[in-house]
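Trainee: I am attaching a structure below and will ask some questions about it afterwards.
Residue numbers (my numbering): 4 to 351.
Structural data, given as structure tokens:
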């Protein structure tokens, strides 16, 4: 069994060291060859972790065409989402250095399994490989995974075939013990648990067996699909005409700044909206479930940058100014906009 644990700057030490120790220990309990190595995406070999600048060494370059397992860790940093030292900001920086391209290469290889720990699950989302897949990550990133189209399972370890994901930080231990059990069997996993004096926590979720008739999640109200819905206009609604027209809006996310032109228009007694990415005029998205309450406007929107997400917008209007936020779980992005003098198209 070949195991490659990916390193990059800002990496979380525990995300990589806990699985490394467990998987390396397995070599003592089997005659099967187990090759466990720290790897990088290129020729660089020395990397610093995200908090103390402690150095970790990669032994070789990631081989995306072999058979085996690749483990993707997360980053360590601040939980202040407005800081450039925040974990989402660092993960985006890591993604832009080519890590997500390599994750896609590994995913295209049918002989490879991808495992992730903590924020590593967010990197899988940034690589756009988890749509319609069952995954988990640190609890602060679960909504972001859902926004990327995944089926989120709030478990410590989720096995979805060629993608096996672990939750936050210490879940790397549980993930590693499960991978040993999955690849080598429960007897060897049991002996390593005895050696480490650690018992794997929780049930590993798999998309097999009978689906439960009831779930604790059923006690939480769920939102209906609102795709294509628009605000119905009637006599009881507040004046909506100040919303109609074009708006030049800046959205400051923890990992990127977006410049969007919004166009709100009325058609057949309903209000619709579209968003045009000013850095890519072909990137146009429709606004869904537009709701107006006096000077407050909400809507939902799918974005492709800085990654594919479904966001919820909540803004307030003050004459020709717009201010509010776009949110997905714990990640909240500030929004500010100005109405622009552009001919209002009533023919849409």
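Don't be surprised by glycine CBs; every beta carbon is placed ideally from N, CA and C.
(1) With a threshold of 7 Å on Cβ separation, who are the neighbours of residue 68 within its own chain once the five nearest residues in sequence on each side are excluded?
(2) With contact counted as at least three CB pairs below 8 Å, one residue from each stretch, are the segment 96 to 106 and the segment 147 to 159 in contact?
(3) Based on DSSP bridge pairs, tell me the residues matched to residue 77.
(4) So who's on the other strand from residue 248, going by DSSP bridges?
(5) Grab me the residues of residue 45's own chain with a C-beta within less than 7 Å of its C-beta, minus the 5 sequence neighbours each way, in chain order.
(6) What three-state label does DSSP hand residue 46 in the structure shown?
(7) Measure the C-alpha to C-alpha separation of residue 210 and residue 162 and round it to an integer number of angstroms.
(8) Mind checking residue 228: buried by the 16 CB within 10 Å criterion, or exposed?
(9) Do residue 290 and residue 304 have their CB atoms nearer than 9 Å?
(10) Compute the beta-carbon to beta-carbon distance between residue 3 and residue 243, rounded to the nearest angstrom, for a pair I have assumed lies under 8 Å.
(11) Can you grab the Cα-Cα spacing for the pair residue 262 / residue 329, in whole Å?
(12) Please list the terminal residues of the continuous beta strand (DSSP E) segment that includes residue 290.
(13) Among 62, 270, 286, 118, whose alpha-carbon lies nearest the alpha-carbon of residue 264?
(14) Okay, do the segment 115 to 122 and the segment 66 to 84 touch, 3+ Cβ pairs below 8 Å being the bar?
(15) Pull up the DSSP beta-bridge partners for residue 316, would you.
(16) Tell me the DSSP secondary structure of residue 115 in three-state form.
(17) Mapping DSSP to helix, strand and coil, what is residue 155?
(18) If you compare alpha carbons, which of 101, 38, 19 is closest to residue 5?
(19) If you run the structure through DSSP and keep just helix, strand and coil, what is residue 110?
(20) What does a CB cutoff of less than 8 Å around residue 89 pick up in its chain, not counting 5 residues either side in sequence?
(21) Using a threshold of 9 Å, state whether the C-beta atoms of residue 314 and residue 255 are closer than that.
(22) Which value, in whole angstroms, describes the spacing of the CA atoms of residue 31 and residue 21?
(23) Would you kindly work out how many angstroms separate the C-alpha atoms of residue 124 and residue 100, rounded to a whole number?
Mentor: On the basis of the data shown:
(1) 112
(2) no
(3) According to DSSP, which records beta bridges pairwise, residue 77 is partnered with nothing at all.
(4) 267
(5) 64
(6) coil
(7) 8 Å
(8) The pLDDT assigned to residue 228 is 42, lower than 50, so where the model puts this residue is not dependable; a value taken from the coordinates is nonetheless given after this. Its Cβ having fewer than 16 others within 10 Å, residue 228 is exposed.
(9) yes
(10) Outside the shown range of the chain (4 to 351) lies residue 3, about which nothing can therefore be said.
(11) 13 Å
(12) 287 to 296
(13) 286
(14) yes
(15) 302, 329
(16) strand
(17) strand
(18) 38
(19) helix
(20) 80, 81, 82, 83, 257
(21) no
(22) 17 Å
(23) 17 Å
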